[in-house]
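Number of protein chains: 4
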Amino acid sequence: MSETVRHSEQGPTGPIFTLSAGPTGATPATLAALGQPVLYHYDPEFLELYASATKLLHQAFGGPGDAVILQGESVLGLEAAAASLISADDVVLNLVSGVFGKGFSFWARRYAKEVIDLTVPFNASITVAQVRQAFEARPDIKIVSAVHCETPSGTINPIDEIGPVVAEFGGLLLVDAVSSFGGMAIDPATWHAGIIVVGPQKCLGGPPGLSLLYVSEEAWQRMGQNPLAPRGSILSILDWRDADRVDRLFPFTPSVSDINALEACLRQYLDEGPPNVHARHRRVARAARAGGEALGLSLWAAERAICSDTVTAFQVPAGLDERALRADARKRMGVMLSGGQAELAGKIIRFGHMGPSAYPMAPVLAVTAMGQALRSAGFAAEIGAGVEAALAALDEPD
Amino acid sequence: MSETVRHSEQGPTGPIFTLSAGPTGATPATLAALGQPVLYHYDPEFLELYASATKLLHQAFGGPGDAVILQGESVLGLEAAAASLISADDVVLNLVSGVFGKGFSFWARRYAKEVIDLTVPFNASITVAQVRQAFEARPDIKIVSAVHCETPSGTINPIDEIGPVVAEFGGLLLVDAVSSFGGMAIDPATWHAGIIVVGPQKCLGGPPGLSLLYVSEEAWQRMGQNPLAPRGSILSILDWRDADRVDRLFPFTPSVSDINALEACLRQYLDEGPPNVHARHRRVARAARAGGEALGLSLWAAERAICSDTVTAFQVPAGLDERALRADARKRMGVMLSGGQAELAGKIIRFGHMGPSAYPMAPVLAVTAMGQALRSAGFAAEIGAGVEAALAALDEPD
Amino acid sequence: MSETVRHSEQGPTGPIFTLSAGPTGATPATLAALGQPVLYHYDPEFLELYASATKLLHQAFGGPGDAVILQGESVLGLEAAAASLISADDVVLNLVSGVFGKGFSFWARRYAKEVIDLTVPFNASITVAQVRQAFEARPDIKIVSAVHCETPSGTINPIDEIGPVVAEFGGLLLVDAVSSFGGMAIDPATWHAGIIVVGPQKCLGGPPGLSLLYVSEEAWQRMGQNPLAPRGSILSILDWRDADRVDRLFPFTPSVSDINALEACLRQYLDEGPPNVHARHRRVARAARAGGEALGLSLWAAERAICSDTVTAFQVPAGLDERALRADARKRMGVMLSGGQAELAGKIIRFGHMGPSAYPMAPVLAVTAMGQALRSAGFAAEIGAGVEAALAALDEPD
Amino acid sequence: MSETVRHSEQGPTGPIFTLSAGPTGATPATLAALGQPVLYHYDPEFLELYASATKLLHQAFGGPGDAVILQGESVLGLEAAAASLISADDVVLNLVSGVFGKGFSFWARRYAKEVIDLTVPFNASITVAQVRQAFEARPDIKIVSAVHCETPSGTINPIDEIGPVVAEFGGLLLVDAVSSFGGMAIDPATWHAGIIVVGPQKCLGGPPGLSLLYVSEEAWQRMGQNPLAPRGSILSILDWRDADRVDRLFPFTPSVSDINALEACLRQYLDEGPPNVHARHRRVARAARAGGEALGLSLWAAERAICSDTVTAFQVPAGLDERALRADARKRMGVMLSGGQAELAGKIIRFGHMGPSAYPMAPVLAVTAMGQALRSAGFAAEIGAGVEAALAALDEPD
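Protein chains in written order, with numbering that gives the first Met the number 0: chain A, 0 to 397; chain B, 0 to 397; chain C, 0 to 397; chain D, 0 to 397.
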């Protein structure tokens, strides 16, 4: 008889409260689905489950386009979208308001004739006027790539306004909505979106390992006409079109257990009701901002209006080490927060409130643990005031 | 294809924080053990697991006596102990400092010649002097029944002191340590205990459904000599002696899945190290008391010194409805607390901090949720101060 | 980081095929329910789940009486029924066609004025004529206790015929249907049943640890009028009446995780459809009998007509050691079978086909493993013929 | 309250016996690991788990090179290896004895200066003499790509012999051992392997979704010197070097739950002991071959000596539809088998016996279910004889 599973330490801090920028934890129902038997991918039950997951995803996107699942974490979806959609003669307008927007430029340059980066400071958002201006300056722009929620900055770009302008100028819009989808309302039709890339490990509360794509008919056509669009590759989107049809073969073995979990996540999302889920995120985001500010921190975003409902970034007080702060919050109080990445490394600390972690008590947990850590580091954090502010904000009207 | 599992709602409040007086939740490792295949009870693997659980329980008790598992919630263990140990010609001294002590009197009277209830107010504890006095008045007392932690009151009786006096007068001690075992140090040898009854669903963090008994050699002898001690009954302790021996038949089918979970709980307890576990409970209990008081509540216990490290009872402020308060804390903030029972119904509210729920953030959660509920009911709760006090108390020296 | 769960060895034999007389394994859906968080028993979600389990059980019983859950393995239900229903002035007719019927006599004698055992050989069944005769001889019989499926013998008593006769003579019928319920049709109304005791760990495929009772209005009245019916005891049925009502307190903490699993089992049973479930059992039982006989074994039951659809008993060939045979089947091929108990110890070997273990391949597994074991012991088992016979029997018309 | 998990139908056929060519099911211990909480990927516990998984994988490979995990099903590992290792001026010798070898040619051609396919019939194996000949003809061959177990054919190429020859001629060997690793002994040192690609979903019994790579120092150097080796891409191997070091950032979010499961799978593999695991596969493979032949089928492989121990391919009898046969076996008996792919579609049926599905009863299940299906289709399958032959083969000496 052997011991074969390593489990979490449940020592001094007890449960782990994952309030990170994603993965964000999973509900008991999702964990139960994850732990179901691993079926053969052509087992009739799995085929039915795969079709169900695709159908529920289509329903969750809510647009006229198709839902496609790629078998790799959402960076796969983004890289695959760049590789498939951007032809060698395309001019791409890439909107950069943060680390992810900047990162996409790297992929876009690999495939495009030219990439125009429209860059704003990483605590700001792109405006619709800037996009219009860009098109007026360069009417040959074919593709616009944008990030809805800049997870590293905790900021939102106004895709609801930008999308129609892109359409007006005949551009095709590719959106990274990985950390907003499931936590904020998105509408592929309003956006006139070509491809939207999301993932299960943020507001849906699933495990990382899949990319979930919305693909419009126009995007399918462009990819179909792109001679360099990957086929016979993990980077192919075209290969996975209609993979949910039971009469089709999978291009390769799909990630069975991740699909099990995805299907459960989508059911929970649709059962709770997207408007209810979004209201829950708004409410908790408001409390996270208020709580952090009352604690003594400053929002990273230049304006409150561009803050995301799914993740809140605060500036790290001068002279403090964000890694040490987060390690302390995790070790003493069991709360796992996120720091900054790339250009923002060391500058910000983030409270995630996505999917299963967007609950009323979450800001209290984040404020308390961060407050304890700040005090240890010599910063006079106002924990009591922070908790009170978070609670008060929960009950404010939307 | 069907949907066959009902899962927790994960709506407005998100996760459920079970900070009750028990069951107290379970770690992921325990849930994983619970969800293992249900084996036949004579499967060689299950026999080995049963033996392992018994051995680990013996190790956790730490005394010279035997560990015995009964297949029913800990009330079974208590009723069975009364039925088995108390002969028709026994005089029983029953120590009553709360609802459970009083309740045991009911069982003791069913089997004893005479039961002497030594009763103190339900916010106080029995003293060793009272026990000595009782023996001096009635040297014919044969059995002393006591409750270590009066769960309904959140108070502790000093069994460390009482046990030696019982032994000095030749009595046999029967202790209900259901809600203290696993959260506070107990020593069967110091206690000179005959039978100690505990359960998995409190500080061990298991599911309810089993009774865990410590039985001394003397207790076995007394039960063996008691002609009315149950045999061929669910109330029999004698039937289950040595049931862990692989060459023995079980008296009836043991609760396979509960045993799976118990074994996992005991491993976790022993792996963390009992002294560490007990220190964790002391620390969190201190924070719970301090937090609740700073919130504006008064401890139920007459003195701080008799407060349990596993559950804290507060008086319900005058005019408030404890059921409504707890319902509000559960509904709005996801925190499940306990109320009062029997004589204490409506009078107290309890924060449990047992096993998996004895973590540093637990008092913060309890104070916050109760504070919100109190405010809704018109009571001016000081949540910020309560959180601060809880945090400060965590860091006080023992 | 620690390792805290012990898991099944998955060595030479791979998965364990539990084809015992119960527990009988559990579906992935049931295991998922078992592994859900352990809630406080007064958590609103658990209250709702408890009420749901009770309602589904009522639906599964299908009779006019109440469904009541007791918190202990089904022997608790049987002992409690004896203790509650049998008054000190009652004459009980106890039908004995096997080990369980004989065992019930022990409990009945504890409470009755007189117990008349109507005994037939343990490979036969009670006839309705015998019951009528007994009543004619002793019209003062008040209670008739019967076993529907004598699990140890694999035989069925014709309760459908006996029940009406008991009612005709004004008797109250108490039935042990532990190993038939969920695998064979039972009808409390046709039976005129007072109390029926069943359990989750047989044909429902749950973990052992609960007793599930059907209680008619007349049975409630009798228990209510019985001054010695247990109250304030684990043996009380009366205490648990209406425990599913959310406005009622539980007599003591119910077995939360077992209830979680029970609810899932009942949903699966009702979703599959009782007639479908029963047909599945009939089919598999037919194959088990045919397979075992073709293997070279003889049925234990005197007549095929009285064989249960849930468990099949075969005679152990002369000179062979059934424990060694079963140990061999388990060790080499991973198949766990049952042996005989008490009077039948060493004489029979049983193939269980209950609930999750009543699937078409089960008789093939049992025949193959037992055949291998028989050959090791020197018995010329016809495995190939046994498998063929089992398969042929599967496809025979009902 | 909602129902959010879809579970397997447990109707007429009961449990699903996954005896496919992979995924191959998972043990209860692996499923328990899969269902553990989804942690943030920078949570200290996850970092430790990731490091542990990498270390155990290194131990399981047993060679001097590094173990690297890529976050996508094993086709990712193969495509990434082609992209990373094959420079634009490399001549590649690609060994083709089946569908997978042929498929690799597609990727090799994308990156190589020239690809020489050494092709044999798909029921045969490459010989070491052929490889030597190829090198003698073309001493400019730099890279040799080979498949150890041609899963679609159920055949093995003698990499133990081929590897040294490749090394002798200064070539670098890239091996697809996806379906042999964990079921048959492989030795990276004997092979002089540069890169070996395996996956968790075959003989390790994990979920699909990861690629597991063995990378030698020489392979690292070649990839480092290849200017076109992917970086900043899901296809990059270089990016993931040393990703297990806690002081390193992950290139992107790893598949947390898949890593949890992988770690558990590797522990089980190492705990059982690789030589024991391999012996188990040999034994079951022997039984699968014997059973299928006695049933009336013919092995696909031209010679018994080249049959894999992990999967057995049989020819589909003339005139029969393999899809219909497998659908019947799945529907009536719950056994999920695999068919043929690409060139072999419709021609073969495969019994998988990998990892958790390599148990003694597996060939009995496969033979029985396939036999039933064959009979339904009018083929006179000898099920009894097949079962007997399988059992007899189990006990033959190695």
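Idealized CB from N, CA, C, for every residue including glycine.
Bridge-paired residues (DSSP) for I68/D: What you label residue 68/D is simply residue 69 of the fourth sequence in a count that begins at 1. Bridge partners of I68/D: L211/D.
Cut-off 8 Å between Cβ atoms - residues of its own chain near F45/A, not counting five sequence neighbours on either side: Taking the first residue of the first sequence as 1, we reach residue 45/A at position 46. Here the set comprises L38, Y39, V255 and I258.
Tell me whether K112/D, by its Cβ, gets closer than 7 Å to a heavy atom of the ligand MG. Because no ligand of any kind appears in the structure shown, any question about the ligand MG cannot be addressed here.
How about A260/C: is its C-beta nearer than 8 Å to some C-beta of chain A? For the purposes of this step, residue 260/C is identified with residue 261 of the third sequence, where counting begins at 1. Not closer than 8 Å to any Cβ of chain A, the Cβ of A260/C fails to qualify, so no.
Less than 8 Å between the beta carbons of G97/A and E135/A, yes or no? By 1-based counting over the first sequence, the position of residue 97/A is 98. By 1-based counting over the first sequence, the position of residue 135/A is 136. In this structure, E135/A does not lie closer than 8 Å to G97/A by Cβ.
Helix, strand or coil for N93/A? Go by DSSP, reduced to three states. As a position in the first sequence, residue 93/A is number 94, starting the count at 1. Note: N93/A maps to strand in three-state DSSP.
Alpha carbons only, please: which of M360/C, A326/C, M369/C and K201/C is nearest the one belonging to Q371/D? Counted from its first residue, the fourth sequence places residue 371/D at position 372. Here the closest residue by C-alpha is M360/C.
Any Cβ of chain B within less than 8 Å of the Cβ of G24/D? Stepping through the fourth sequence from its first residue, residue 24/D is reached at position 25. Taking CB atoms only, G24/D has no neighbour in chain B less than 8 Å away.
Quick check: the segment 71–91 of chain A against the segment 310–320 of chain A, are at least 3 beta-carbon pairs closer than 8 Å? no
Whole angstroms is fine: what's the gap from A368/A's alpha carbon to E292/A's? Within the first sequence, numbered from 1, the residue matching residue 368/A stands at position 369. Within the first sequence, numbered from 1, the residue matching residue 292/A stands at position 293. So the two alpha carbons sit approximately 14 Å from each other.
Can you name the start and end residues of the alpha helix (DSSP H) that K141/D belongs to? Taking the first residue of the fourth sequence as 1, we reach residue 141/D at position 142. Note, K141/D: premise wrong, no alpha helix (DSSP H); beta strand (DSSP E) at I140 to V146.
Name, going along the chain, the residues of the segment 190–201 of chain A whose beta-carbon falls closer than 8 Å to a beta-carbon of chain B. none
Determine which residues of the segment 49–75 of chain C have a Cβ less than 9 Å from any Cβ of chain E, and write them out in chain order. In summary, chain E is missing from the structure at hand, where the protein chains are A, B, C and D.
Would T17/B pass as an interface residue toward chain D - the criterion being a Cβ-Cβ separation below 8 Å? If you number the second sequence from 1, residue 17/B lands on position 18. No, because no Cβ of chain D sits closer than 8 Å to the Cβ of T17/B.
Sequence-distant residues of the same chain with beta carbon closer than 6 Å to L48/C, five excluded per side: For this step, residue 48/C is matched to residue 49 along the third sequence. E262, listed in sequence order.
When burial is assigned at 16 or more other CB atoms within 10 Å of the CB, is P63/B buried or exposed? Residue mapping note: residue 63/B aligns to position 64 of the second sequence, counting from 1. Under this definition P63/B is an exposed residue.
Mapping DSSP to helix, strand and coil, what is A79/D? The residue you call residue 79/D lines up with position 80 of the fourth sequence. Judged by DSSP in its simplified three-state form, A79/D adopts helix.
Along the chain, which unbroken stretches of the alpha helix (DSSP H) at least 4 residues long are found entirely within the segment 286–354 of chain D? 321–332
When you compare only the Cα positions, how much space is there between V119/A and P199/A? Start at 1 with the first residue of the first sequence, and residue 119/A comes out as number 120. Start at 1 with the first residue of the first sequence, and residue 199/A comes out as number 200. Take the alpha-carbon of V119/A and the one of P199/A: they are about 29 Å apart.
I'd like to confirm the pairing. Which residues does DSSP put opposite L172/A in its beta bridges? Position 173 of the first sequence, counted from the first residue, corresponds to residue 172/A. Answer by DSSP bridge pairing, in chain order: V143/A and A192/A.
For N122/B versus A365/B, is the C-beta distance shorter than 8 Å? The sequence position of residue 122/B within the second sequence is 123, counting from 1. The sequence position of residue 365/B within the second sequence is 366, counting from 1. Their beta carbons are not under 8 Å apart, which means N122/B does not touch A365/B by this criterion.
By the criterion of Cβ-Cβ separation under 9 Å, what are the contact partners of R221/C in chain B? Looking up residue 221/C in the third sequence gives position 222. Chain B residues near R221/C: none, gap ~21 Å exceeds 9 Å.
Please work out which residues of its chain come closer than 8 Å, Cβ to Cβ, to R108/D, disregarding the five sequence neighbours upstream and downstream, and give them in chain order. For the purposes of this step, residue 108/D is taken as the residue at position 109 of the fourth sequence. Contacts found: V114.
Contacts around Q35/C, its chain only, beta-carbon distance under 7 Å, and the 5 residues preceding and following it disregarded: Taking the third sequence and counting its residues from 1, the one referred to as residue 35/C is at position 36. Answer for Q35/C: N259, listed in chain order.
Partner residues on chain A for A188/B, Cβ-Cβ distance less than 8 Å: Position 189 of the second sequence, counted from the start, is the residue given in the question as residue 188/B. Residues of chain A passing the Cβ test: none, with the nearest at roughly 28 Å.
Taking just the CA atoms, how far does L56/B sit from P187/B? Taking the first residue of the second sequence as 1, we reach residue 187/B at position 188. Taking the first residue of the second sequence as 1, we reach residue 56/B at position 57. Between P187/B and L56/B, the C-alpha separation is close to 13 Å.
Taking DSSP as the reference, what is the three-state secondary structure of D88/B? The residue you call residue 88/B lines up with position 89 of the second sequence. D88/B falls in the coil class under three-state DSSP.
Contact with chain A by P316/C, beta-carbon distance below 8 Å: Residue mapping note: residue 316/C aligns to position 317 of the third sequence, counting from 1. Under the Cβ distance rule, P316/C does not count among the residues neighbouring chain A, no pair being separated by less than 8 Å.
Would you kindly work out how many angstroms separate the C-alpha atoms of K54/A and A66/A, rounded to a whole number? Numbered from 1 along the first sequence, position 55 holds the residue referred to as residue 54/A. Numbered from 1 along the first sequence, position 67 holds the residue referred to as residue 66/A. The C-alpha of A66/A is placed about 8 Å away from the C-alpha of K54/A.
Classification of P22/D by the beta-carbon crowding that lies within 10 angstroms, buried from 16 upward: As a first step, residue 22/D is located in the fourth sequence; it is residue number 23 there, counting from the start. P22/D comes out buried.
For S179/B and D139/B, what's the separation of their Cα atoms in angstroms? On the second sequence, residue 179/B is found 180 positions in, with the first residue counted as 1. On the second sequence, residue 139/B is found 140 positions in, with the first residue counted as 1. Cα to Cα, the separation comes out at about 30 Å.
Anything in the segment 382–394 of chain C with a Cβ closer than 7 Å to a Cβ of chain D? List those residues in chain order, please. Within the segment 382–394 of chain C, the qualifying residues are I382, G383, A384, V386, E387 and L390.
Nonlocal neighbours in the same chain, by C-beta distance under 8 Å from D397/A, ignoring five residues either side: Counting from one through the first sequence, the residue named residue 397/A turns up at place 398. Excluding residues within five positions, the ones whose Cβ falls inside 8 Å are A278, R281 and R282.
Just the Cα atoms here: how many angstroms apart are A388/C and A284/C? Position 389 of the third sequence holds residue 388/C. Position 285 of the third sequence holds residue 284/C. Each residue's alpha carbon lies about 12 Å from the other.
According to DSSP, is D159/D helix, strand or coil? As a position in the fourth sequence, residue 159/D is number 160, starting the count at 1. Helix, per DSSP.
Taking DSSP as the reference, what is the three-state secondary structure of I185/B? Within the second sequence, residue 185/B is the residue found at index 186, counting from 1. It is coil, neither helix nor strand.
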